[in-house]
Structures are given as C-alpha cells and as structure tokens.
Amino acid sequence: MKLEEIDRNGTLQGYVLVKSCERKSAKNGSNYLDLIITDGENDVVAKIWDFRGSPEEQPATGTIILVRGTLSLYNNQPQFKIDKFRNLNEKDCVDIRDFVPSAVYKGQEMYDAIIEIAKSFTDTELKKLTLTVLERYKDKIIDIPAAFKLHHAVISGLLMHTLSLCRLGEAVCLIYPSIDRDLLLCGAILHDIAKTEEFSLAPTGLVDGYTVRGTLVGHLVGGAMAVSEIGKELGINEHTLMLIEHMLISHHGIPEYGAAVRPLFLEAEVLSSIDTFDANVFEIEDAVRNINPGEFTSRMWALDDRKFYNHGRKQVTTDVRLIDKKEE
Numbered sequence: 003m004k005l006e007e008i009d010r011n012g013t014l015q016g017y018v019l020v021k022s023c024e025r026k027s028a029k030n031g032s033n034y035l036d037l038i039i040t041d042g043e044n045d046v047v048a049k050i051w052d053f054r055g056s057p058e059e060q061p062a063t064g065t066i067i068l069v070r071g072t073l074s075l076y077n078n079q080p081q082f083k084i085d086k087f088r089n090l091n092e093k094d095c096v097d098i099r100d101f102v103p104s105a106v107y108k109g110q111e112m113y114d115a116i117i118e119i120a121k122s123f124t125d126t127e128l129k130k131l132t133l134t135v136l137e138r139y140k141d142k143i144i145d146i147p148a149a150f151k152l153h154h155a156v157i158s159g160l161l162m163h164t165l166s167l168c169r170l171g172e173a174v175c176l177i178y179p180s181i182d183r184d185l186l187l188c189g190a191i192l193h194d195i196a197k198t199e200e201f202s203l204a205p206t207g208l209v210d211g212y213t214v215r216g217t218l219v220g221h222l223v224g225g226a227m228a229v230s231e232i233g234k235e236l237g238i239n240e241h242t243l244m245l246i247e248h249m250l251i252s253h254h255g256i257p258e259y260g261a262a263v264r265p266l267f268l269e270a271e272v273l274s275s276i277d278t279f280d281a282n283v284f285e286i287e288d289a290v291r292n293i294n295p296g297e298f299t300s301r302m303w304a305l306d307d308r309k310f311y312n313h314g315r316k317q318v319t320t321d322v323r324l325i326d327k328k329e330e
C-alpha cells in the first residue's frame with residue numbers, strides 16, 4: 003500500500019523506508035521518535051509517541067520497517083502516527099530498491115554527459131584537470147546522493163545536480179559572452195566532488211550522516227585540497243589552479259552557509275548563484291509535489307522558513323531535462 007492511497011484519518015499497515023529518525027523529549031517529559039518515512043514515492047513525517055525503548059531498539063535510518071498506524075493532519079500537514087513497528091525478517095519479501103528515491107537518469111549516462119562537456123573545453127589544462135578528477139572519482143560519484151536531507155538527496159543525486167549546473171552554466175554563457183565558459187563549467191563539475199568523502203552511506207546508498215573528515219573539513223575545503231593536489235601532480239598553471247580552488251571554497255556564497263570566502267570573480271559568483279538556484283528549485287518542487295493544489299507546504303528552514311504554495315497550474319515533479327535524445 004502506498005502512502006498517497008491512504009485516506010486522511012485512515013489506517014496503514016505496510017512497509018516503509020526510514021529516511022531519518024531522531025529521539026526527542028515531549029513537554030510531559032516522555033520520549034518520542036520523530037521520523038521521516040517513505041514508500042519510495044512519497045515522504046511523510048511520522049511520530050512514535052511515548053517511546054521507551056533503547057537507542058538500539060528504535061528504527062534505524064536507511065532500513066525498511068513494517069508499520070501499523072494512522073495518517074492524520076497536524077498544522078494542515080500529513081502526519082503518520084506509528085502504533086506498532088518491527089524490523090524485517092527472513093519471511094518478508096521486500097526489495098529495498100523499491101523504496102529508494104533515484105535520479106531521473108542513470109548515474110552512468112549522466113557521468114558520460116559530463117565527460118562530453120569536459121571534452122568540449124578549449125582550455126587544455128582545464129580539460130586535463132577535469133577529466134582526470136572525473137576518472138579518479140568515477141566509482142565514488144556514480145551513485146552517491148548530493149545531500150543528507152536537502153536537495154538531490156537521491157541515488158545519483160550528485161551527478162544530477164552537477165549536470166544541472168553544467169546545463170545552467172551553458173545557458174548563462176550564451177547570454178553573457180564575457181563569462182569564461184571552460185572555467186565556469188570546470189568549477190561546476192568539480193564543486194561538490196569531495197562530498198564523496200564527506201558523507202557516510204546507509205545500506206540503501208542514501209546518506210545517513212557525516213564522516214569525521216566531512217565534519218572537520220567539509221566538502222568545500224576538502225574539494226579544493228583534493229583538486230589542488232591533482233592539479234599540482236598534472237603541472238596545471240598555479241594561477242589557473244588557484245581560480246578553481248577559489249570557486250570550490252566560495253560556492254556556498256557566504257560564511258554563514260559554509261563558504262570559506264565569498265565569491266570574488268565573475269565565474270565564482272555565477273557558480274554560487276546557479277548552485278543555489280538549482281538546489282532551491284529541487285527543494286521547492288520536492289515539497290510542493292507532495293501537497294494538493296491550493297495548499298501550502300510546511301515551513302522550509304533551508305529556504306528562510308518560508309511556506310510554498312501549490313497554485314495548481316502545472317503538475318509539479320522533480321523531473322529535469324538534462325540529456326537530449328540525440329545524446330542517448
């Protein structure tokens with residue numbers, strides 16, 4: 003049974019994937035679990051009230067559980083109250099892949115499209131640097147999501163986000179010819195490369211937390227360090243390499259969002275802008291597609307705590323058009 007098929011105030015017994023699970027304290031002093039669960043297509047907030055089990059007994063992020071409970075409205079948003087749950091056993095015939103959200107395109111075809119973009123560079127140094135980094139990181143980036151809970155937190159989400167930035171960058175360069183296309187697209191391709199070292203992955207392939215290096219160094223500085231090392235190995239011009247390093251450490255825009263410095267040249271500013279744009283579009287689409295026309299989403303802290311409205315003029319999905327049929 004799918005979550006979308008349940009009438010509000012209806013009962014569900016079925017399998018769901020636990021995307022996140024946090025233990026919290028209620029006002030009356032009791033413990034409860036705050037979860038996000040998915041049936042593979044729809045996400046919903048879930049609660050297990052008055053939870054008295056140990057941390058080892060609570061549902062683990064990235065696992066499938068069998069649940070029984072009711073769906074109702076809280077602050078005009080769907081919320082699932084879990085009355086009973088259990089982990090899977092050998093009698094459960096469940097394929098975890100049916101519950102894991104994935105990018106619109108296969109990782110390999112997006113990787114191949116990005117390779118073709120890098121091969122189109124006229125700057126031989128940037129071409130060599132980009133292709134070398136892609137080849138060395140290929141096995142790590144094919145399936146990895148782009149985030150823990152926010153934008154493109156799906157299988158192959160990192161490549162989906164990266165290819166989206168490339169397409170946005172190509173379009174921007176057609177409008178503004180003074181932008182260095184190769185420099186911008188090199189930054190777009192490499193900007194999140196160190197997320198492969200930043201995230202820890204659940205058995206589902208989704209992100210379930212951060213590594214020690216991810217917490218202490220992060221993917222902006224970590225990416226600049228990794229690319230710098232490869233660039234020096236390849237003999238890339240020091241000034242060119244410095245420009246790429248700057249784009250990587252500044253692409254979050256401001257220090258409050260994790261940037262080591264603010265973008266200080268044109269291509270760095272454009273990269274930061276399209277990175278934010280693509281992330282915001284995905285998050286808004288992902289939230290709005292789960293509500294009915296005429297409704298608002300819950301407040302989204304990553305987007306200034308705003309609620310977004312489904313005006314109903316178009317069906318909202320997280321689909322993107324990144325690969326032309328001629329490229330397939």
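If you read the sequence shown in the working numbering, its first letter stands for residue 3, the second for the next number, and so on.
Backbone N, C-alpha and C define an ideal beta-carbon position, used for all residues, glycine too.
Since this is a predicted model, take the numbers as computed values, not measurements.
- As the crow flies, the alpha-carbon of Tyr-17 is around 50 Å from that of Lys-234.
- Between the beta-carbon of Ala-226 and that of Leu-245 there is about 11 Å, and that puts the pair past the 8 Å contact cut.
- Here DSSP, grouped into helix, strand and coil, assigns Ser-252 to helix.
- In the three-state scheme derived from DSSP, where H, G and I count as helix and E and B as strand, Cys-23 is classed as strand.
- The three-state reading of DSSP puts Ile-50 in strand, counting E and B together.
- Fewer than three Cβ pairs drawn from the stretch 255–265 and the stretch 290–299 lie within less than 8 Å of each other, which leaves the two stretches out of contact.
- For Val-209, the pairing in a beta bridge is given by DSSP as Leu-203.
- Rounded to the nearest whole angstrom, the C-alpha separation of Tyr-34 and Leu-152 is 23 Å.
- Counted as a single uninterrupted DSSP element, the stretch harbouring Ile-144 is not any beta strand (DSSP E), since DSSP gives it neither H nor E.
- Note that the C-beta distance between Val-209 and Phe-201 is below 8 Å.
- With fewer than three CB-CB distances shorter than 8 Å, the stretch 215–222 does not count as touching the stretch 150–166.
- Ranked by Cα distance from Ile-195, the options Leu-187, Gly-171, Asp-184 and His-221 are led by His-221.
- The C-alpha of Arg-183 is placed about 15 Å away from the C-alpha of Ile-117.
- With distances taken between CA atoms, Glu-172 lies nearest to Cys-188 out of Ile-157, Cys-188, Cys-23 and Leu-160.
- Taking C-beta atoms as the reference points, Ala-115 and Leu-324 count as a pair closer than 8 Å.
- Arg-264 and Ile-144 have their C-alpha atoms roughly 30 Å apart.
- In this structure, the beta-carbon distance from Pro-205 to Gly-64 falls below 8 Å.
- Of all alpha-carbon atoms in Arg-70, Leu-170 and Val-156, the one lying nearest the alpha-carbon of Asp-100 is that of Val-156.
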